[in-house]
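*Asks:* Residue numbers (this note's numbering): 4 to 316.
Quick reminder that beta carbons are idealized off the backbone N, C-alpha and C, glycines included.
For clarity, every value in this text was computed on a predicted model and none was experimentally measured.
1) By alpha-carbon positions, which one of 218, 165, 225, 96 ends up nearest to residue 118?
2) Go through the region 217-296 residue by residue and report every complete run of the alpha helix (DSSP H) that reaches 4 residues or more, in order.
3) Can you tell me where the alpha helix (DSSP H) with residue 74 in it begins and where it stops?
4) So, does the region 264-273 touch the region 239-252, judging by three or more C-beta pairs under 8 Å?
5) Report buried or exposed for residue 302, applying the criterion of at least 16 other Cβ atoms within 10 angstroms of its Cβ.
6) Using a threshold of 8 Å, state whether the C-beta atoms of residue 233 and residue 290 are closer than that.
7) What does a CB cutoff of less than 7 Å around residue 212 pick up in its chain, not counting 5 residues either side in sequence?
8) Assuming residue 46 is part of the beta strand (DSSP E), what are its boundary residues?
9) How many Å lie between residue 41 and residue 63 at the Cα?
10) Pick helix, strand or coil for residue 305, following the three-state DSSP scheme.
11) Nearest-angstrom Cα distance between residue 170 and residue 46?
12) Take the Cβ of residue 83 as the centre, count every other Cβ of all protein chains shown within 10 Å, and call the residue buried at 16 or more, exposed below.
13) Where do the ends of the beta strand (DSSP E) carrying residue 59 lie?
14) Would you list the residues sitting across from residue 125 in a DSSP beta bridge?
15) How about the region 85-103 and the region 170-180: do they share at least three Cβ pairs that are nearer than 8 Å?
16) Determine the burial state of residue 58: buried for a count of at least 16 other Cβ atoms within 10 Å of its Cβ, exposed for fewer.
17) Relative to the alpha-carbon of residue 161, which residue among 240, 224, 122 has its alpha-carbon at the smallest distance?
18) Just reading off the beta strand (DSSP E) that residue 179 is part of, what are its end residues?
19) Beta strand (DSSP E) containing residue 99: first to last residue?
20) If you draw a straight line from the C-alpha of residue 15 to the C-alpha of residue 24, how long is it?
21) Taking the beta carbon of residue 221 as the centre, do at least 16 other beta carbons fall within 10 Å, making it buried, or is it exposed?
22) Cα separation between residue 61 and residue 112?
23) Using a Cβ-Cβ cut-off of 8 Å (strictly less than) and excluding sequence neighbours within five positions of residue 49, which residues of its own chain qualify?
24) Which residues mark the beginning and the end of the beta strand (DSSP E) in which residue 165 is found?
25) CB-CB under 7 Å to residue 306, same chain, minus the five flanking residues each way: which ones, in chain order?
26) For a quick check, are the C-beta atoms of residue 294 and residue 203 less than 8 Å apart?
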């Protein structure tokens, strides 16, 4: 199924209309289900045109959401699918279609390929020796080219973490969850938002949080490509050190406080690969407080390739 076969955009409401795959999907008993703070992912079989394909069905369903919240989420999801369906690249997970909501599933589902290797972080922990992390982090599809391809598509990811970089059967990194940050941002300032942010907050650019000394009611953050570069530095830190940003702060509320104080993560106390000063310097460049002074995607790519030559020489 190609994008042109499953997608067209109505002029009336600018909502996407993808192929409704509901009748072609089955979920086997005991099949994998991944439950996160703001979404559930179901492993299903797609029976279509005499073929069977293992797929993922993702439904945005924040914990504690009211029926009104779900309705708002559904409207935002339908709009943000426009972003996803318009992206065609070998390092982006393809959207195959959607499923309709019903009494068991109150939100629309997004159908995409199932990635058996899971996300980047689980893949590194479970299948890669520590010594291979350097090689993996330097691979262009893992690091800078991920940000570069997003920016070249004129789209800001806005929620780049190791959890939404998936690894396909060929070991290639594939990006997912475009537009998710703007959907969740609809709940900014609510208790639902506090429960939904979770670990993604640790990768978030500090300028997306109101400064401690300012009135948050007048704060109007803007996503930029520099936000993705900040997150790229955080992903690089986690890959190399095995520690998430702000590893020494257990409470996400205190992480949010550190961001409002414009405090960047501490350097992990580790003798692993991140103890190389060259990498720590690169990560700190990505975390510069002034977004305009951070590397752009091309500069970040060039810097990582330079580091690869130095360290692996």
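*Replies:* A quick look at the data gives this:
1) Measuring C-alpha to C-alpha distances from residue 118 to each of 218, 165, 225, 96 identifies 96 as the nearest.
2) Scanning the region 217-296 from its first residue to its last, the whole alpha helix (DSSP H) runs of 4-plus residues come out as 228-244, 255-263, 280-289.
3) Run containing residue 74: 70-88, per the alpha helix (DSSP H) assignment.
4) In short, these stretches touch, since the Cβ pair count reaches three.
5) Exposed is the label assigned to residue 302, since fewer than 16 other Cβ atoms lie within 10 Å of its Cβ.
6) Taking the C-beta atoms as reference points, residue 290 is found nearer than 8 Å to residue 233.
7) Cβ-Cβ distances below 7 Å link residue 212 to 259, 262, 263 in the same chain, with the five nearest sequence neighbours on each side left out; the list follows chain order.
8) From DSSP, the beta strand (DSSP E) with residue 46 extends over 42-51.
9) In a straight line, the C-alpha of residue 41 is about 6 Å away from that of residue 63.
10) If DSSP states are grouped into helix, strand and coil, residue 305 belongs with the helices.
11) Here the alpha carbons of residue 46 and residue 170 stand approximately 16 Å from one another.
12) In summary, residue 83 is buried, with 16 or more beta-carbon neighbours lying within 10 Å of its beta-carbon over all protein chains present.
13) Note, residue 59: beta strand (DSSP E), 54-63.
14) Residue pairing for residue 125: DSSP places it in no beta bridge.
15) Short answer: they touch.
16) Under this definition residue 58 is a buried residue.
17) Considering only alpha carbons, the answer is 224.
18) That residue, residue 179, is in no beta strand (DSSP E); it is neither H nor E in DSSP.
19) Boundaries of the beta strand (DSSP E) around residue 99: 98-102.
20) Residue confidence is low: residue 15 scores 33 on pLDDT, short of 50, so the model does not pin down where it sits. Its coordinate-derived value is still stated next. Here the alpha carbon of residue 15 sits roughly 23 Å from the alpha carbon of residue 24.
21) Exposed, since its Cβ has fewer than 16 Cβ neighbours within 10 Å.
22) Between residue 61 and residue 112, the C-alpha separation is close to 5 Å.
23) So the list reads 24, 27, 28, 55, 56, 57, 58, 99, 114, once near-sequence residues are dropped.
24) Looking at the DSSP string, residue 165 is not in any beta strand (DSSP E), and its letter there is neither H nor E.
25) So the list reads 285, 298, once near-sequence residues are dropped.
26) Taking 8 Å as the Cβ cut-off, residue 294 and residue 203 do not qualify as a contacting pair.
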